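Data block below; observations after.
2 protein chains.
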Amino acid sequence: MSRVERAPALTTTSFAILGLLAIQPWTTYELAVQMERTLNRVWPRARSRLYEEPKKLVAHGLATATKESVGRRPRTVYTITDQGRAALAEWLQSPGEGPSLEFEQHLKLFFADFGTREDALAGLAASRAWAEQQLDVFIESARAYLAGEGEFHQRSAVTSVGARFLVDFYDLVDRWAAWATEVVQEWPDDPSRADPTLAIDHYILQLAQQRASRLAETSDPPPATAKRDR
Amino acid sequence: MSRVERAPALTTTSFAILGLLAIQPWTTYELAVQMERTLNRVWPRARSRLYEEPKKLVAHGLATATKESVGRRPRTVYTITDQGRAALAEWLQSPGEGPSLEFEQHLKLFFADFGTREDALAGLAASRAWAEQQLDVFIESARAYLAGEGEFHQRSAVTSVGARFLVDFYDLVDRWAAWATEVVQEWPDDPSRADPTLAIDHYILQLAQQRASRLAETSDPPPATAKRDR
DNA sequence: GTTGGATAATCTCAATGGGACTATCCAGAA
DNA sequence: TTCTGGATAGTCCCATTGAGATTATCCAAC
């Protein structure tokens, strides 16, 4: 029973930090800033959490801590160990969880019939503003990156694949909110009196089916069998 | 200083429950099941939370609790009050937070260069499987709904707008994972040796810019000014 | 010399997740 | 008739987490 086994269990957040350490050594502060600027988009965590994780990594032998100081202010630089690289590689072998979404504006729209049409339109405008904001930040950093200001160019083959998902996600939010705005504008003042035509539902079902069949066609394992197994 | 002011503050989750109560009275169990089946997609919360929220609503005077029983088993039916409807309408006036994403598979892909190409492909396959699963469930319920089995047809005008976002989101995950699979298949066995061509980055930047300009064209307030104000 | 923003954390409390636990009801199988 | 499994109807608890308040130093610019 070594002390290692008593250390708090490693979480996905631990491995997110460990992954950053695999790129280069960082101080805890740098790790926190880096997380907030990048990984926060797909793995949002409170800053205070980010200061705890490297300590766990050290307790598990996956990283080492080096105390340095800038003047009288101490700081801790963390470096990944061979054991840490092995643990990271092992973690990467399992695929992980699918996406989980939290979307308050969408939730409010679900209850739009208990408010006014203007409320719904304001919410959709906020969604579009959010998407625009995200894209602005994204374009800014992508431009800087391509201009050579960014670091880690050698990782670009890997990171760009994920970046495309984010751009497309922000685009989705914008397109959807734009479409929804047109639909909602046709509503009467009191949305609960909006015509409950099922036309849109049929359309959605059709879309969903098209896409499900596209999935079946192009999925890797022999599709017919794979579908039946479920 | 009435007791109401001492009750725990209302959260977004409280209003999610309150919104359901605005449709009809429910027991706590029914509320929990309904949340898990529907609102969970945009507002995921632990079941134990859902049992606490109606009590808060009662403490705030937004709902009333009626004790009933089925045989010897007691149950509580919650009903919204006029004050509750007013509070819901007021809550709907503010637009709420933009989307927040948690996506472990995407996170692992970000660190793909510390694992194998096969790991990355397995993760992408899992993303596609997830999207397929979500679409299957969605199609199933949409079909039942259109066949007349579902309830709340009169709310369809409102709910279908949100439903479209979800279908498109699942589609996005699938399309992206399919595209990414093709890209990753071209990588060498060791992804850290993948060619760091910036072609994809340029493409992403181009996409992002196109979309940002589309946003500027179609946004509600005079676009040029709105952009400059930021 | 002062000020403000960046660096470098720690601490705390309320909120939350996730499950273990209890117990009854009811339909269908044995 | 009894038994069983799944649905109904919750409660309870603990570890994790979020969010922010707090402290303090460094450093460049005014």
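Chains A and B are the protein sequences, given in the same order.
Residues in the first sequence are numbered consecutively from 1, following full-length UniProt numbering.
Residues in the second sequence are numbered consecutively from 1, following full-length UniProt numbering.
Here a beta-carbon is modelled for each residue, glycine too, at the ideal position from N, C-alpha and C.
For clarity, every value in this text was computed on a predicted model and none was experimentally measured.
Open item on the list: For a quick check, are the C-beta atoms of residue 166 of chain B and residue 134 of chain B less than 9 angstroms apart?
Closed with: The residue you call residue 166 of chain B lines up with position 166 of the second sequence. The residue you call residue 134 of chain B lines up with position 134 of the second sequence. If you check the CB distance, residue 166 of chain B and residue 134 of chain B come in under 9 angstroms.
Open item on the list: In the DSSP output, what is residue 64 of chain B paired with across the bridge?
Closed with: Start at 1 with the first residue of the second sequence, and residue 64 of chain B comes out as number 64. Within the DSSP bridge table, the entry for residue 64 of chain B names B:79 as partners.
TODO: Flag residue 100 of chain A as yes if its beta-carbon sits less than 9 angstroms from any beta-carbon of chain B, otherwise no.
DONE: Locating residue 100 of chain A in the first sequence gives position 100, counting from the first residue. With 9 angstroms as the cut-off, residue 100 of chain A counts as an interface residue toward chain B.
TODO: Could you please tell me which residues of the region 66–84 of chain B, in chain order, have their CB closer than 7 angstroms to any CB of chain A?
DONE: Within the region 66–84 of chain B, not one residue has a Cβ closer than 7 angstroms to any Cβ of chain A.
Open item on the list: For residue 232 of chain A and residue 191 of chain B, what's the separation of their Cα atoms in angstroms?
Closed with: Residue 232 of chain A is absent from the model: chain A starts at 1 and stops at 230.
Task: Where the beta strand (DSSP E) through residue 192 of chain A begins and ends - done: Start at 1 with the first residue of the first sequence, and residue 192 of chain A comes out as number 192. From DSSP, residue 192 of chain A is part of no beta strand (DSSP E); its letter is neither H nor E.
TODO: Counting only the same chain and skipping the five closest in sequence on each side, list residues whose C-beta sits under 6 angstroms from that of residue 108 of chain B.
DONE: Along the second sequence, one-based indexing puts residue 108 of chain B at 108. Counting only Cβ-Cβ distances below 6 angstroms, and skipping sequence neighbours, we find 123.
Task: Min CB distance residue 60 of chain B to chain A below 9 angstroms - done: For this step, residue 60 of chain B is matched to residue 60 along the second sequence. Not closer than 9 angstroms to any Cβ of chain A, the Cβ of residue 60 of chain B fails to qualify, so no.
- [ ] Closer than 8 angstroms by beta-carbon distance: list the chain A residues that pair up with residue 21 of chain B, in chain order.
- [x] The residue you call residue 21 of chain B lines up with position 21 of the second sequence. Residues of chain A whose Cβ lies closer than 8 angstroms to the Cβ of residue 21 of chain B do not exist; the shortest such Cβ separation is about 10 angstroms.
- [ ] Note the first and the last residue of the continuous alpha helix (DSSP H) segment covering residue 94 of chain B.
- [x] As a first step, residue 94 of chain B is located in the second sequence; it is residue number 94 there, counting from the start. Counting along the chain, residue 94 of chain B falls outside any alpha helix (DSSP H), and DSSP gives it neither H nor E.
Task: Residue-level contact to chain A via CB, residue 26 of chain B, 9 angstroms cutoff - done: Taking the first residue of the second sequence as 1, we reach residue 26 of chain B at position 26. At a cut-off of 9 angstroms between C-beta atoms, residue 26 of chain B does not count as an interface residue with respect to chain A.
- [ ] Below 7 angstroms between beta carbons is the criterion; list the residues of the region 94–123 of chain B that meet it against any residue of chain A, in chain order.
- [x] Residues of the region 94–123 of chain B whose Cβ lies closer than 7 angstroms to any Cβ of chain A, in chain order: 95, 96, 97, 98, 99, 100, 101, 102, 103, 104, 105, 106, 107, 108, 109, 110, 111, 112, 113, 114, 115, 119, 122 and 123.
Open item on the list: Within 10 Å of its beta-carbon, does residue 72 of chain B have 16 or more other beta-carbons around it, so buried, or fewer, so exposed?
Closed with: Stepping through the second sequence from its first residue, residue 72 of chain B is reached at position 72. Residue 72 of chain B is exposed by the Cβ-count criterion.
TODO: For residue 15 of chain B, collect the residues of the same chain with a Cβ closer than 6 angstroms to its Cβ; drop the 5 residues on either side in sequence, then sort them by chain order.
DONE: In the second sequence, residue 15 of chain B corresponds to position 15, counting from 1. Hits under 6 angstroms: 91.
Task: Buried versus exposed call for residue 29 of chain B [16 or more other C-beta atoms within 10 Å across all chains shown] - done: Residue mapping note: residue 29 of chain B aligns to position 29 of the second sequence, counting from 1. In summary, residue 29 of chain B is exposed, with fewer than 16 beta-carbon neighbours lying within 10 Å of its beta-carbon over all protein chains present.
- [ ] Using a Cβ-Cβ cut-off of 9 angstroms, state whether residue 34 of chain B counts as contacting chain A.
- [x] If you number the second sequence from 1, residue 34 of chain B lands on position 34. Closer than 9 angstroms: no.
- [ ] Using a Cβ cut-off of 9 angstroms (strictly closer), state whether residue 47 of chain B contacts chain A.
- [x] Walking along the second sequence from the start, residue 47 of chain B turns up at place 47. Taking CB atoms only, residue 47 of chain B has no neighbour in chain A less than 9 angstroms away.
Task: Distance between beta carbons of residue 22 of chain A and residue 111 of chain B, contact taken as under 8 angstroms - done: The residue given as residue 111 of chain B occupies position 111 in the second sequence. The residue given as residue 22 of chain A occupies position 22 in the first sequence. The Cβ separation is near 7 angstroms, so the contact holds.
TODO: Please work out which residues of its chain come closer than 6 angstroms, Cβ to Cβ, to residue 43 of chain A, disregarding the five sequence neighbours upstream and downstream, and give them in chain order.
DONE: Locating residue 43 of chain A in the first sequence gives position 43, counting from the first residue. Answer for residue 43 of chain A: 16, listed in chain order.
TODO: Compare the C-beta of residue 64 of chain A with all C-beta atoms of chain B and state if any pair is closer than 9 angstroms.
DONE: In the first sequence, the residue the question calls residue 64 of chain A occupies position 64. Interface flag for residue 64 of chain A against chain B is unset, since no Cβ pair is found closer than 9 angstroms.
Task: Whole-angstrom distance between residue 177 of chain B and residue 195 of chain A, CA atom to CA atom - done: Reading the first sequence from its first residue, position 195 is the one you call residue 195 of chain A. Reading the second sequence from its first residue, position 177 is the one you call residue 177 of chain B. Those two C-alpha atoms are separated by around 37 angstroms.
Task: Minimum C-alpha distance to residue 141 of chain B - residue among A:158, A:208 and A:79 - done: Mapped onto the second sequence, residue 141 of chain B falls at position 141. Residue A:208 is the option with its Cα nearest to residue 141 of chain B.
Open item on the list: Out of A:173, A:66, A:31 and A:38, which one is the CA nearest neighbour of residue 49 of chain A?
Closed with: For the purposes of this step, residue 49 of chain A is taken as residue 49 along the first sequence, with counting starting at 1. Nearest option by C-alpha distance: A:31.
- [ ] Could you list the residues in the region 136–166 of chain A with a C-beta less than 9 angstroms from some C-beta on chain B, going in chain order?
- [x] Hits within the stretch, in order: 136, 138, 139, 142, 143, 145, 146, 153, 154, 155, 156, 157, 158, 159, 160, 161, 162, 163, 164, 165 and 166.
- [ ] Please determine, among B:36, B:77, B:103 and B:153, the residue with the shortest C-alpha to C-alpha distance to residue 198 of chain A.
- [x] The count along the first sequence starts at 1 and reaches residue 198 of chain A at position 198. Answer by Cα proximity: B:153.
Task: Nearest-angstrom Cα separation, counted from residue 62 of chain B out to residue 211 of chain B - done: Numbered from 1 along the second sequence, position 211 holds the residue referred to as residue 211 of chain B. Numbered from 1 along the second sequence, position 62 holds the residue referred to as residue 62 of chain B. Residue 211 of chain B and residue 62 of chain B have their C-alpha atoms roughly 43 angstroms apart.
Task: Length of the line joining the Cα atoms of residue 19 of chain A and residue 148 of chain B - done: The residue given as residue 19 of chain A occupies position 19 in the first sequence. The residue given as residue 148 of chain B occupies position 148 in the second sequence. So the two alpha carbons sit approximately 50 angstroms from each other.
Task: Proximal chain B residues relative to residue 204 of chain A, where beta-carbon distance stays under 8 angstroms - done: Against the first sequence, residue 204 of chain A aligns to sequence position 204. Going along chain B in sequence order, the residues near residue 204 of chain A (Cβ under 8 angstroms) are 142, 160, 163, 164 and 167.
Task: residue 101 of chain B - containing beta strand (DSSP E), residue span - done: Numbered from its first residue, the second sequence carries residue 101 of chain B at position 101. 100–102 is the extent of the beta strand (DSSP E) around residue 101 of chain B.
Open item on the list: Closest to residue 146 of chain A by C-alpha separation, out of B:206, B:35 and B:12, would be which residue?
Closed with: One-based indexing of the first sequence puts residue 146 of chain A at position 146. For the residues B:206, B:35 and B:12, the minimum Cα distance to residue 146 of chain A belongs to B:206.
Open item on the list: In the DSSP output, what is residue 70 of chain B paired with across the bridge?
Closed with: Stepping through the second sequence from its first residue, residue 70 of chain B is reached at position 70. Looking at the DSSP assignment, residue 70 of chain B forms a beta bridge with B:73.
- [ ] Compute the distance between the beta-carbons of residue 27 of chain B and residue 76 of chain B, then report whether it is under 9 angstroms.
- [x] By one-based count along the second sequence, residue 27 of chain B stands at place 27. By one-based count along the second sequence, residue 76 of chain B stands at place 76. Yes, they are a contact pair.
Open item on the list: If I measure Cβ to Cβ from residue 10 of chain A and keep anything under 6 angstroms in the same chain, skipping five residues before and after, which residues do I get?
Closed with: The count along the first sequence starts at 1 and reaches residue 10 of chain A at position 10. Cβ within range, chain order: n/a, list empty.
TODO: Within 10 angstroms of the Cβ of residue 67 of chain A, are there 16 or more other Cβ atoms? Answer buried if so, exposed if not.
DONE: Numbered from 1 along the first sequence, position 67 holds the residue referred to as residue 67 of chain A. Residue 67 of chain A sits exposed, since fewer than 16 C-beta atoms from the chains shown fall within 10 Å of its C-beta.
Open item on the list: Tell me the rounded alpha-carbon separation between residue 106 of chain B and residue 162 of chain A.
Closed with: Along the second sequence, read from residue 1 onward, the residue named residue 106 of chain B stands at position 106. Along the first sequence, read from residue 1 onward, the residue named residue 162 of chain A stands at position 162. So the alpha carbons of these two residues sit roughly 6 angstroms apart.
Task: Nearest candidate by alpha-carbon position, reference residue 231 of chain B, set A:83, A:158 and A:58 - done: Nothing can be reported for residue 231 of chain B: it is not among the residues displayed for chain B, which extend from 1 to 230.
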